[in-house]
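Undergrad: Just dropping this structure here.
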Amino acid sequence: AQRVTQPEKLLSVFKGAPVELKCNYSYSGSPELFWYVQYSRQRLQLLLRHISRESIKGFTADLNKGETSFHLKKPFAQEEDSAMYYCALIDPGGGADGLTFGKGTHLIIQP
Amino acid sequence: ETGVTQSPTHLIKTRGQQVTLRCSSQSGHNTVSWYQQALGQGPQFIFQYYREEENGRGNFPPRFSGLQFPNYSSELNVNALELDDSALYLCASSFGGANEQFFGPGTRLTVL
Chain A
-3 AQRVTQPEKL
7 LSVFKGAPVE
17 LKCNYSYSGS
27 PELFWYVQYS
37 RQRLQLLLRH
47 ISRESIKGFT
57 ADLNKGETSF
67 HLKKPFAQEE
77 DSAMYYCALI
87 DPGGGADGLT
97 FGKGTHLIIQ
107 P
Chain B
28 ETGVTQSPTH
38 LIKTRGQQVT
48 LRCSSQSGHN
58 TVSWYQQALG
68 QGPQFIFQYY
78 REEENGRGNF
88 PPRFSGLQFP
98 NYSSELNVNA
108 LELDDSALYL
118 CASSFGGANE
128 QFFGPGTRLT
138 VL
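Residue numbers (the numbering used here), protein chains in the order written: chain A, -3 to 107; chain B, 28 to 139.
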């Protein structure tokens, strides 16, 4: 069965420090991977997807198929990065199984 | 362009009752997916509707059912409510199931 694991429930770092949110997955095949973010009092929104290979708000995520990981990184954290972050995967063949989410990591950026 | 909307915002029901939650998809989207998010958990996929038909379902019992209308809006119905059904229910719309899903604000259901 497909699964997404985010080992850290809570991650607290100081402003300006590097951030890495971990995500590991299990899936038979090549899934499409996403990071979703939920800022306080806002709805869940897409941060980035691995096929886009973009850097959004300074965040990047590299897919490592050998380690089945998709960690989210940012070199210098900002206070506005404080939010809940969810890693998710989907079958790229049609998506009829929906997104499979991890339990989320609450990122707190301290001033 | 209007985003995904959901109604109601909050709902309180008692065990054994039935509930209907509503979702209006984003303009131009033809696919609606529903998720259940229990406290402290990530969203869990319930089912997906594409062109008015269910085309994918997660590990939820048949008392969770849905509809999609010609304008691509959708309903989630839950019969015989149980205490464990208390959760945030999220609706997401997309153009096709594998493309970016845009989420609504959710409906908070409390079952007493």
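Positions of the beta carbon are idealized from the N, C-alpha and C atoms, including for glycine.
1) Out of Y35(A), L42(A), Q41(A), T64(A), which has the shortest C-alpha to C-alpha gap to N20(A)?
2) First and last residue of the beta strand (DSSP E) that includes S8(A)?
3) Helix, strand or coil: which one does DSSP assign to E127(B)?
4) Once the 5 residues before and after G100(A) are set aside, which same chain residues still bring their CB inside 7 Å of it?
5) When you compare the CB of F87(B) with every CB in chain A, is at least one pair closer than 8 Å?
6) Between the beta-carbon of K11(A) and the beta-carbon of Q74(A), is there less than 8 Å?
7) Run through the DSSP bridge pairs and tell me what T1(A) is partnered with.
8) Given a cut-off of 8 Å on the beta-carbon distance, is the pair A114(B) and A65(B) in contact?
9) For K53(A), which residues does DSSP report across the bridge?
10) Suppose you measure from the CA of V31(B) to the CA of S52(B); what does that come to, to the nearest Å?
11) Run down chain B in chain order and give the residues with a C-beta less than 9 Å from the C-beta of R39(A).
12) Mind checking F66(A): buried by the 16 CB within 10 Å criterion, or exposed?
13) In angstroms with no decimal places, state the Cα-to-Cα distance between Q33(B) and K40(B).
TA: So, to answer that:
1) Position 24 of the first sequence, counting from 1, holds the residue named residue 20(A). Among Y35(A), L42(A), Q41(A), T64(A), the Cα nearest to that of N20(A) is on T64(A).
2) Against the first sequence, residue 8(A) aligns to sequence position 12. Here the beta strand (DSSP E) through S8(A) covers 6 to 10.
3) Here residue 127(B) refers to the residue found at position 100 when the second sequence is read from its first residue. Secondary structure of E127(B) (DSSP, three-state): coil.
4) Along the first sequence, one-based indexing puts residue 100(A) at 104. In the same chain as G100(A), and ignoring 5 residues on each side of it, the C-beta atoms closer than 7 Å to its own belong to Q2, M80, Y81, Y82, in chain order.
5) Reading the second sequence from its first residue, position 60 is the one you call residue 87(B). At a cut-off of 8 Å between C-beta atoms, F87(B) does not count as an interface residue with respect to chain A.
6) One-based indexing of the first sequence puts residue 11(A) at position 15. One-based indexing of the first sequence puts residue 74(A) at position 78. Cβ atoms of K11(A) and Q74(A): closer than 8 Å.
7) Counting from one through the first sequence, the residue named residue 1(A) turns up at place 5. DSSP output for T1(A) lists N20(A) as bridge partner(s).
8) Mapped onto the second sequence, residue 114(B) falls at position 87. Mapped onto the second sequence, residue 65(B) falls at position 38. Against a cut-off of 8 Å, the Cβ pair of A65(B) and A114(B) comes out as a contact.
9) Taking the first residue of the first sequence as position 1, residue 53(A) is located at position 57. The beta-bridge partner set that DSSP reports for K53(A) is empty.
10) As a working note, residue 31(B) is residue 4 in the second sequence. As a working note, residue 52(B) is residue 25 in the second sequence. Rounded to the nearest angstrom, the gap between the Cα atoms of V31(B) and S52(B) is 5 Å.
11) Indexing the first sequence from 1 puts residue 39(A) at position 43. In chain order: G30, V31, L117, F129, F130, G131, P132, G133.
12) To locate residue 66(A), count along the first sequence from 1; it is residue 70. The residue is buried, with at least 16 neighbouring Cβ atoms inside 10 Å.
13) The count along the second sequence starts at 1 and reaches residue 33(B) at position 6. The count along the second sequence starts at 1 and reaches residue 40(B) at position 13. Rounded to whole angstroms, Q33(B) to K40(B) spans 18 Å at the Cα level.
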